[in-house]
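Respectively, the protein sequence lines represent chains A and B. The opening residue of the first sequence carries number 155 in our numbering; numbering runs sequentially from there. The opening residue of the second sequence carries number 155 in our numbering; numbering runs sequentially from there.
Protein chains: 2
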Amino acid sequence: MAEKNLPLGREALEKLTETYPTPFHLYDEQAIRENARRFYKVFDWIDGFRNHFAVKACPNPAILSILREEGMGVDCSSLSELILAERTGFKGEEIVFTSNDTPPDEFREAARLGAVINLDDISHIGELERAAGLPELISFRYNPGKARSGNVLIGEPHEAKYGLTGEQVLEAYRITKEKGVKRFGLHTMVASNELDSAYFVETARMLFELAVRIKDGSGAEIELINMGGGIGIPYRPDDQAVDLGYISEEMQKLYRQIIVPAGLDPLKVVFECGRLVTGPYGFLVSRVLHVSRKYKDYVGLDSCMANLMRPGLYGAYHHITVPGKEGQSFDHFYDVTGSLCENSDKFAIDRQLPKIEKGDLVVIHDTGAHGYSMGFNYNGKLRSAELLLKEDGSVELIRRAETIDDYFSTMRFPEAPA
Amino acid sequence: MAEKNLPLGREALEKLTETYPTPFHLYDEQAIRENARRFYKVFDWIDGFRNHFAVKACPNPAILSILREEGMGVDCSSLSELILAERTGFKGEEIVFTSNDTPPDEFREAARLGAVINLDDISHIGELERAAGLPELISFRYNPGKARSGNVLIGEPHEAKYGLTGEQVLEAYRITKEKGVKRFGLHTMVASNELDSAYFVETARMLFELAVRIKDGSGAEIELINMGGGIGIPYRPDDQAVDLGYISEEMQKLYRQIIVPAGLDPLKVVFECGRLVTGPYGFLVSRVLHVSRKYKDYVGLDSCMANLMRPGLYGAYHHITVPGKEGQSFDHFYDVTGSLCENSDKFAIDRQLPKIEKGDLVVIHDTGAHGYSMGFNYNGKLRSAELLLKEDGSVELIRRAETIDDYFSTMRFPEAPA
Chain A
155 MAEKNLPLGR EALEKLTETY PTPFHLYDEQ AIRENARRFY KVFDWIDGFR NHFAVKACPN
215 PAILSILREE GMGVDCSSLS ELILAERTGF KGEEIVFTSN DTPPDEFREA ARLGAVINLD
275 DISHIGELER AAGLPELISF RYNPGKARSG NVLIGEPHEA KYGLTGEQVL EAYRITKEKG
335 VKRFGLHTMV ASNELDSAYF VETARMLFEL AVRIKDGSGA EIELINMGGG IGIPYRPDDQ
395 AVDLGYISEE MQKLYRQIIV PAGLDPLKVV FECGRLVTGP YGFLVSRVLH VSRKYKDYVG
455 LDSCMANLMR PGLYGAYHHI TVPGKEGQSF DHFYDVTGSL CENSDKFAID RQLPKIEKGD
515 LVVIHDTGAH GYSMGFNYNG KLRSAELLLK EDGSVELIRR AETIDDYFST MRFPEAPA
Chain B
155 MAEKNLPLGR EALEKLTETY PTPFHLYDEQ AIRENARRFY KVFDWIDGFR NHFAVKACPN
215 PAILSILREE GMGVDCSSLS ELILAERTGF KGEEIVFTSN DTPPDEFREA ARLGAVINLD
275 DISHIGELER AAGLPELISF RYNPGKARSG NVLIGEPHEA KYGLTGEQVL EAYRITKEKG
335 VKRFGLHTMV ASNELDSAYF VETARMLFEL AVRIKDGSGA EIELINMGGG IGIPYRPDDQ
395 AVDLGYISEE MQKLYRQIIV PAGLDPLKVV FECGRLVTGP YGFLVSRVLH VSRKYKDYVG
455 LDSCMANLMR PGLYGAYHHI TVPGKEGQSF DHFYDVTGSL CENSDKFAID RQLPKIEKGD
515 LVVIHDTGAH GYSMGFNYNG KLRSAELLLK EDGSVELIRR AETIDDYFST MRFPEAPA
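Written out as structure tokens, the structure is:
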């Protein structure tokens with residue numbers, strides 16, 4: 155079986171746990187930076203190429219700062235994320251604000267920051283106008299409906315709550331142009347965790363052609379195309395990663411075929427990938443509390459869905475390694491469980507692993523996106539610390555673990571009973 | 155269509171929102187108390203009957219205090235829940251501690267509190283002994299495996315991570331009796347949100363018969379049978395509630411047939427229901443931010459999965475009413491969505507409702523259990539306040555809403571960028 159690498163071996167991890175008790179999330183700075191540079195290099199034919207990192211994937215200031223240093227922007231979808239972006243040093247059009255069900259104060263905050271506001275609905279034109287006035291640049295989220303198929307994670311576009319329909323989108327640009335908006339963006343997001351490279355080429359074609367139709371139909375000249383995110387990562391060791399080089403080349407051909415002849419060149423193309431950027435470079439490090447034999451064999455960890463929801467929530471695959479046991483034969487089958495009082499709290503079912511003993515360290519891979527950020531406090535479970543393995547090999551605490559006091563902080567206790 | 159009642163009408167709710175902005179959870183004290191009394195009355199043939207409220211369903215000190223006043227105990231499954239129970243005034247065997255993947259400090263805390271410790275695995279005997287010594291009273295969680303079928307929510311028992319197998323359970327009592335344990339409990343939990351009354355009668359039969367086998371096989375005399383929870387509530391207006399009276403009567407017959415002849419009378423029978431106790435008496439009150447027409451019609455609320463996960467997570471049905479529009483014809487179909495940047499964040503799909511307008515209040519029913527407690531902060535969303543409608547008609551804030559500062563509290567910001 156193909157294996158996945160760890161940035162630290164058993165000994166180094168054990169040493170780390172002397173300072174930081176398990177469970178914790180560990181991020182690999184060097185790998186994040188190298189990956190960001192590869193991503194940018196592949197698309198260097200695009201003038202002003204940018205990836206707006208989806209903050210929800212990993213809302214940690216240290217990680218966001220690294221990505222800012224690598225030239226990335228951010229994609230925000232709530233007031234908290236906008237404030238986090240500002241506090242981490244992102245400015246103006248480095249920030250995209252995409253939100254589908256938006257209160258006026260969020261529109262105002264996005265406008266104050268000079269963010270690219272990406273409207274989800276035609277009625278939001280009026281909402282934004284009333285809340286903050288219309289900015290110079292407006293973007294719309296397009297939902298192709300039955301013209302495209304989605305995937306399991308995000309659902310079919312025509313049943314999705316997002317975006318403007320084909321008819322509405324032309325009207326939206328006409329209306330905003332009439333109202334004096336000068337600059338225009340176009341956005342879509344039709345897949346999530348998709349590994350088929352051709353899918354993204356089709357998305358580029360769809361948006362490029364739509365940009366031309368928008369110019370013809372409304373006079374609005376799109377200057378910014380946001381391809382959305384949704385580029386998957388190979389969670390399973392045998393999964394094939396998306397071929398960014400192929401996507402870039404095909405996009406460049408389409409750009410020359412569609413955008414240039416329409417007089418829309420230069421046009422900036424951006425992405426809003428989160429998972430692709432940090433997903434593979436985060437690791438949930440746990441310790442085995444119990445190994446037990448019931449009707450099946452179970453390995454019980456000191457982490458749970460509070461630290462990583464995806465397996466329990468979607469049945470998502472996350473690779474698991476047992477540091478120090480890489481060379482042993484994988485001759486045991488275990489359900490690897492969390493400590494939540496919910497039977498769905500399993501990190502893996504019938505996973506083939508080396509023999510596991512109480513006290514072993516266990517690493518769950520690919521938790522760098524939608525890992526910590528999706529955690530809850532159900533069952534009174536506390537969310538763990540986040541650590542950064544820096545380029546110089548040192549490790550820094552970039553988020554402290556929650557404490558019982560955090561858990562109690564919003565509660566109000568009645569007078570103590572007699 | 156059958157409708158569900160609200161404890162407050164539109165006008166009273168609107169007035170409330172002047173002090174407490176939506177969204178918020180509202181609990182009905184009088185209904186909670188009346189329901190608790192009905193529950194206890196039905197089982198009054200059992201000497202020392204008690205329901206140990208599953209704290210995870212609604213971990214709010216004010217709600218727990220009400221339940222304590224009504225004679226309930228608590229069922230805890232983590233350190234935080236144990237501490238919450240103590241701080242709310244629960245003592246000794248009013249507390250049951252059931253945990254499947256337990257660190258030593260949790261065993262120690264449960265022992266310190268004098269809680270009934272309910273062990274999930276035969277290997278936990280040694281764990282508990284090393285952590286805190288064996289207490290006078292020990293309970294074990296029994297997993298019947300293929301002898302019973304579970305349901306969709308909890309899965310099949312033989313694939314569940316919980317409990318001791320049929321063989322292990324006898325051995326466990328033998329071992330602990332030998333080690334000097336004097337008093338014994340027996341627990342199971344084989345269903346979740348189950349509406350079939352007969353299922354619970356079968357669970358009683360299973361446990362009563364097992365208690366006799368345990369006595370015969372190990373000499374341990376069970377004095378406490380914990381039926382678990384899992385009693386469902388009628389989320390849909392047409393669902394039939396569980397018939398507690400029937401369950402109680404049938405259990406009493408089985409008690410006379412099985413327990414009395416075996417010389418196990420008096421034997422205390424308890425439950426650990428959460429959902430049944432508070433579920434129907436909590437309401438998520440939201441306001442409509444947007445009504446939009448895309449490929450379907452959408453109602454966008456100011457709440458989201460951060461406030462209520464069940465619909466987005468399981469596709470669970472929660473009834474929705476629009477206060478003030480009770481008399482109107484239900485001639486519109488809407489997807490009622492939350493504001494999360496996730497397409498799964500829908501409270502209802504194709505729900506038949508009266509015509510909804512921006513600004514309407516919308517109430518989501520049956521959020522009194524597994525509502526607030528399952529919320530997360532994904533997308534930077536903040537968890538809402540909890541309010542108590544008291545018996546005198548006044549309303550008290552029993553949990554403050556989260557703030558942006560809460561959201562930032564565990565983060566570490568690098569030096570401000572230049």
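Beta carbons: idealized from backbone N, C-alpha and C, even for Gly.
I'd like to confirm the pairing. Which residues does DSSP put opposite residue i in its beta bridges?
| i | result |
| --- | --- |
| Ala208 (chain B) | B:Asp229 |
| Asp451 (chain B) | B:Arg447 |
| Asp182 (chain B) | B:Leu543 |
| Asn272 (chain B) | B:Thr252, B:Ser293 |
| Phe530 (chain B) | A:Phe530 |
| Glu348 (chain B) | B:Ile385 |
| Lys245 (chain B) | None; Lys245 (chain B) has no bridge partner. |
| Ala502 (chain B) | B:Val490 |
| Met565 (chain A) | B:Arg553 |
| Val436 (chain B) | Checking the displayed sequence, the identity of residue 436 (chain B) turns out to be Gly instead of Val. In the DSSP output, where bridge partners are listed per residue, Gly436 (chain B) has B:Tyr181. |
| Val442 (chain B) | B:Leu455 |
| Asn380 (chain B) | B:His341, B:Val424 |
| Val517 (chain B) | B:Val439, B:Thr475 |
| Leu361 (chain A) | Answer by DSSP bridge pairing: none, since Leu361 (chain A) is not bridged. |
| Leu507 (chain A) | A:His486 |
For residue i versus residue j, is the C-beta spacing smaller than 9 angstroms?
| i | j | result |
| --- | --- | --- |
| Tyr194 (chain A) | Phe207 (chain A) | no |
| Leu221 (chain A) | Val431 (chain A) | yes |
| Thr242 (chain B) | Phe567 (chain A) | yes |
| Leu273 (chain B) | Phe338 (chain B) | no |
| Leu378 (chain B) | Lys422 (chain B) | yes |
| Tyr400 (chain A) | Val355 (chain A) | yes |
| Phe105 (chain A) | Leu267 (chain A) | Missing from the structure shown is residue 105 (chain A); chain A here goes from 155 to 572 and no further. |
| Gly513 (chain B) | Arg441 (chain B) | yes |
| Asp198 (chain B) | Gly383 (chain B) | no |
| Pro215 (chain B) | Leu238 (chain B) | yes |
| Leu443 (chain B) | Gly454 (chain B) | yes |
| Ser457 (chain A) | Ile518 (chain A) | yes |
| Ile573 (chain B) | Ile186 (chain B) | Nothing about residue 573 (chain B) can be read from this structure; chain B reaches only from 155 to 572. |
| Leu388 (chain A) | Glu157 (chain A) | With the sequence shown as reference, residue 388 (chain A) is identified as Pro, and Leu is not the correct amino acid for it. Taking 9 angstroms as the Cβ cut-off, Pro388 (chain A) and Glu157 (chain A) do not qualify as a contacting pair. |
| Glu325 (chain A) | Ile385 (chain A) | no |
| Asn380 (chain A) | Leu418 (chain A) | no |
| Ala190 (chain A) | Glu235 (chain A) | no |
Worksheet entry | Positions along the region 514-532 of chain A whose CB lies within less than 7 angstroms of some CB in chain B | Ser527, Met528, Gly529, Phe530, Tyr532
Practice prompt. Pull out every residue of the region 552-567 of chain B whose Cβ sits closer than 7 angstroms to any Cβ of chain A, in chain order.
Written response: Ile552, Arg553, Arg554, Glu556, Ile558, Asp560, Tyr561, Ser563, Thr564, Met565, Arg566, Phe567
Fill in: Where the region 302-336 of chain A meets chain B: residues whose CB sits under 9 angstroms from a CB there
Gly304, Leu307, Ile308, Gly309, Pro311, His312, Glu313, Ala314, Lys315, Tyr316, Gly317, Leu318, Thr319, Gln322
Fill in: Residues of the region 418-448 of chain B with Cβ closer than 9 angstroms to any Cβ of chain A, in chain order
Leu443, His444, Val445, Ser446, Arg447, Lys448
Practice prompt. Below 8 angstroms between beta carbons is the criterion; list the residues of the region 247-259 of chain A that meet it against any residue of chain B, in chain order.
Written response: Thr252, Ser253, Asn254, Asp255, Thr256, Pro257
Worksheet item: Below 8 angstroms, can you find three or more Cβ-Cβ pairs linking the region 157-173 of chain B to the region 483-491 of chain B?
Response: no
Worksheet entry | contact_flag[the region 521-528 of chain B, the region 430-448 of chain B] where n(CB pairs < 8 angstroms) is 3 or more | yes
Practice prompt. Could you run through the region 486-516 of chain A and flag, in chain order, every residue whose CB is less than 9 angstroms away from some CB of chain B?
Written response: Asp489, Thr491, Gly492, Ser493, Leu494, Cys495, Glu496, Asn497, Ser498, Asp499, Lys500, Ile503, Lys512
Discussion item. Suppose only complete runs of 4+ residues qualify. What are the alpha helix (DSSP H) ranges in the region 309-343 of chain A, listed by chain order?
Written reply: 320-332
Item to complete: Please list the residues of the region 182-212 of chain A that have a C-beta atom closer than 9 angstroms to any C-beta atom in chain B, keeping them in chain order.
Response: Ala208, Val209, Lys210
Worksheet item: Okay, do the region 467-477 of chain B and the region 495-511 of chain B touch, 3+ Cβ pairs below 8 angstroms being the bar?
Response: yes
Worksheet item: Does the region 181-191 of chain A come close enough to the region 456-464 of chain A to have 3 or more Cβ pairs within less than 8 angstroms?
Response: no
Worksheet item: So, do the region 275-288 of chain A and the region 322-341 of chain A have three or more beta carbon pairs nearer to each other than 8 angstroms?
Response: yes
Item to complete: Decide yes or no for the touch test of the region 530-544 of chain B against the region 540-553 of chain A: beta carbon pairs closer than 8 angstroms, at least 3 of them.
Response: no
Worksheet item: Mind listing which residues of the region 276-296 of chain A have their C-beta closer than 9 angstroms to chain B's C-betas, in chain order?
Response: Ile276, Ser277, His278, Glu281
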